[in-house]
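*Asks:* So that we are looking at the same thing, I have put the structure below in structure tokens.
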Amino acid sequence: MTELQQAARQALALMDLTSLNDDDNDTVIRELCARANTPVGHPAAVCVYPAFVQSARAALAEQGLAGKVKVATVTNFPHGAADVERAAAETRAAIAAGADEVDVVFPYRALMAGDAEVGRELVEACKRECGDAVLKVILETGELKEAGLIDRAGMLAIDGGADFLKTSTGKVTVNATLDAAKILLTAIKASGRDVGFKAAGGVRTAEDAAAYLQLAERVMGAEWITPAHFRFGASGLLGSLLETLGVEQDKGSTEGY
């Protein structure tokens, strides 16, 4: 097995296989969950809109993946409003619907306008609603742009109790970048907290994934890179990983976030 194939196999197990499209429906989500059942392993999670959490759980069970693949969803998405009560209520509802993991958008515009406190408060409130469920905080690094703001957002999220720092919604012009990833990984390491990292949006090829894995290994060490600490949020990436691993697939199923 080549180094790229090794990275592809590793990346597949770290994926949050994602469908967050306006035209999603139960059929689309069933197909997404069927794609998660590959001959070379399965992703860590599927990520869907809250309305489809139950559909995803049922579809994963049909694939024999119940308890193996987590169901993640999104809240305060994609706008990242600074409404703490609304974000907490959406998170509470997502957990009640059966989500194992919640990806909440940090109020990044409020931080850019000088209000840092609301971000920490929002993360704290959503973490309370999550309980033992995993909370990933989407920082929208491509909109924050400046290294200092990205680092500040990451530290506020960590202080609020984030389980993961996630780069992006996948809904803006600039999503995951290696530069932003390095800032967030460095912040996690500096914090000394048990916090993971998720690159989302724009990671489309096995080569892209390998570059993020190499960066994470340099900053955090190879042993840190497990589904408990590292994720890719993507849909199109799966096709490239399977192609790299020599798996025949439906060429029409490789588009997306």
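For what it's worth, our numbering labels the leading residue of the sequence shown as 539, then goes sequentially.
A virtual CB, placed ideally from N, CA and C, is assigned to each residue, including glycine.
1) Between which two residues does the alpha helix (DSSP H) holding glycine 771 run?
2) Do alanine 719 and leucine 753 come within 7 Å of each other at the CB atom, strictly closer than that value?
3) Would you grab the beta carbon distance between glycine 618 and phenylalanine 644 for me? Rounded to a whole angstrom, and I think it's under 8 Å.
4) Going by beta-carbon coordinates alone, are valine 656 and alanine 620 separated by less than 7 Å?
5) So is lysine 683 buried or exposed if we call it buried at 16+ other beta carbons inside 10 Å?
6) To the nearest whole angstrom, what separates the beta carbons of valine 661 and glutamate 681, a pair I think is in contact under 8 Å?
7) With a threshold of 6 Å (Cβ to nearest heavy atom), would threonine 679 be considered close to the ligand PLP?
8) When you compare only the Cα positions, how much space is there between aspartate 689 and leucine 649?
9) With a cut-off of 8 Å, do at least 3 Cβ pairs link the region 594 to 608 to the region 559 to 578?
10) With leucine 555 as the anchor, note down where its alpha helix (DSSP H) starts and where it stops.
11) Three or more C-beta pairs closer than 8 Å, one from the region 685 to 704 and one from the region 744 to 751: is that the case here?
12) Counting along the chain, where does the beta strand (DSSP E) carrying glutamate 761 start and finish?
*Replies:* So, to answer that:
1) Careful: glycine 771 lies outside any alpha helix (DSSP H), inside the beta strand (DSSP E) at 768 to 772.
2) yes
3) 6 Å
4) yes
5) exposed
6) At roughly 17 Å, the Cβ-Cβ gap does not stay under 8 Å, so valine 661 and glutamate 681 are not in contact.
7) Absence of the ligand PLP is noted for the structure shown, with no ligands found whatsoever.
8) 12 Å
9) yes
10) Segment 553 to 557 is the beta strand (DSSP E) holding leucine 555; no alpha helix (DSSP H) there.
11) no
12) Per DSSP, glutamate 761 belongs to no beta strand (DSSP E) and is neither H nor E.
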